[in-house]
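Contents: one structure, followed by commentary.
2 protein chains.
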Amino acid sequence: MCDATDQNLADESQFIHPNIVATVQKESPSPELLSDLADLYKIFGDSTRVQILSALRVHEMCVGDLAGLLNMTLSAVSHQLRALRANKLVKSRRDGKIIFYSLADAHVEAILDMGLEHLQEINCPPHDPHCFEE
Amino acid sequence: MCDATDQNLADESQFIHPNIVATVQKESPSPELLSDLADLYKIFGDSTRVQILSALRVHEMCVGDLAGLLNMTLSAVSHQLRALRANKLVKSRRDGKIIFYSLADAHVEAILDMGLEHLQEINCPPHDPHCFEE
DNA sequence: GTATCACTTGAGCGTTTGTTCAAGTGATAC
DNA sequence: GTATCACTTGAACAAACGCTCAAGTGATAC
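Protein chains in written order, with our numbering: chain A, 122 to 255; chain B, 122 to 255.
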């Protein structure tokens with residue numbers, strides 16, 4: 122743990138509220154970890170990849186069927202599957218000539234659900250007073 | 122240009138496993154909703170924005186302090202705050218000349234936590250000795 | 001009024017990203 | 001062996017993205 126008087130970064134030179142900045146510096150995760158977090162969300166931040174993940178959530182699928190479902194080329198889907206594989210969000214098994222893809226673990230589903238929940242909240246739910254205007 | 126066998130449902134025409142595709146089509150959310158979901162995650166998919174959100178989670182902050190904390194220009198931070206505002210992930214209040222930003226609601230924290238949890242699972246799962254696998 | 005502060009906004013620019021196209025790999029069938 | 005199928009991969013290119021710079025806005029102080 123850090124000393125409470127340690128303000129070597131948030132001193133009086135440049136900050137309007139140095140004490141607040143010092144507190145935030147202490148309590149927020151490191152920029153490196155947050156950068157990894159951003160990289161993870163970046164994978165979910167594409168329509169094609171989210172559609173693939175959402176489809177695989179229902180059933181394992183081969184690349185050709187995924188391409189037909191999304192109305193995209195085999196190559197485009199394969200490129201995105203590569204990104205999903207690299208980030209361990211999907212796994213694959215081979216059966217003869219066909220390769221079946223499926224979600225890597227339950228965490229992927231949880232992340233999808235979390236986002237869908239938030240979307241519903243944002244779109245002014247019927248009986249929720251937390252509906253901002255503008 | 123579509124061929125004569127192109128149909129709106131997954132029949133025997135182009136798919137290797139038409140019944141699987143049909144099931145997925147029925148059970149997966151619409152492409153429009155999934156596109157909105159991708160747009161939401163896109164906001165979380167940038168290191169600067171995640172750092173801002175993570176900082177605001179600890180305490181409300183003004184733009185200048187955020188810029189100092191992240192070691193970025195006022196303009197760069199303001200541009201990202203605009204994106205966060207547009208997606209209702211942060212809210213602001215004015216106090217004289219200073220504008221304080223804070224997280225819009227608890228859902229934002231939950232999404233951040235979900236991602237951080239997943240990162241920990243990926244790096245060193247408790248029962249899996251498969252660390253540093255590639 | 002002018003000046004300053006805190007912040008926003010638009011244009012410009014280099015970097016990143018996602019798709020297409022063409023070529024290549026690995027497995028099955030003959 | 002050759003042929004075909006299912007899929008992958010690398011290069012290329014347009015579109016989207018994030019930062020910088022300069023100008024602009026709104027509030028306070030004088």
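Backbone N, C-alpha and C fix where the C-beta goes; we use that ideal spot for every residue, glycine too.
Annotation: the continuous beta strand (DSSP E) that includes Ile-219 of chain B extends over 219-224. Rounded to the nearest whole angstrom, the CA to CA distance from Lys-218 of chain B to Val-171 of chain B is 26 Å.
Straight through space, the alpha carbons of Pro-152 of chain B and Val-145 of chain B are spaced by roughly 12 Å.
For Ser-175 of chain A, the closest Cβ of chain B is nearer than 9 Å. Excluding sequence positions up to five before and after Tyr-162 of chain A, its CB lies less than 8 Å from no other CB in the same chain. Here DSSP, grouped into helix, strand and coil, assigns Lys-163 of chain A to helix. Only residues of its own chain outside the window of five on either side were considered, and among them Gln-172 have a CB closer than 6 Å to the CB of Leu-191 of chain A, listed in chain order. Per DSSP, reduced to three states, the secondary structure at Met-193 of chain B is coil, with no helix or strand assignment.
Across the structure, Asn-140 of chain B and Ala-176 of chain A are spaced so that their CA atoms are roughly 13 Å apart.
The C-alpha of Glu-242 of chain B lies about 17 Å from the C-alpha of Ala-231 of chain B. At a cut-off of 9 Å between C-beta atoms, Asp-216 of chain B does not count as an interface residue with respect to chain A.
No Cβ of chain A is located within less than 9 Å of the beta carbon of Val-211 of chain B. In its chain, beyond the 5 residues on either side, Val-184 have a beta carbon closer than 8 Å to the beta carbon of Ser-199 of chain B.
Among the residues of chain A, those whose CB is under 9 Å from the CB of Glu-242 of chain B are Asp-226 and His-228, following chain order.
Contact annotation, Leu-210 of chain A with Ile-137 of chain A: C-beta distance approximately 41 Å; criterion of less than 8 Å not satisfied.
Sequence-ordered contacts of the stretch 184-197 of chain B with chain A read Gly-185, Asp-186, Gly-189 and Leu-190 [C-beta pairs closer than 7 Å]. With a 10 Å radius around the Cβ and a threshold of 16 neighbouring Cβ atoms, Asp-186 of chain B comes out buried. At a cut-off of 9 Å between C-beta atoms, Leu-205 of chain B does not count as an interface residue with respect to chain A. Within the same chain, and ignoring the five residues on either side of Ala-204 of chain B in sequence, the residues whose Cβ sits closer than 8 Å to its Cβ are Ile-164 and Arg-170.
The three-state reading of DSSP puts Lys-212 of chain B in strand, counting E and B together. Contact check for Val-179 of chain B and Glu-148 of chain A: beta-carbon distance about 4 Å, within the 8 Å limit, so the pair qualifies.
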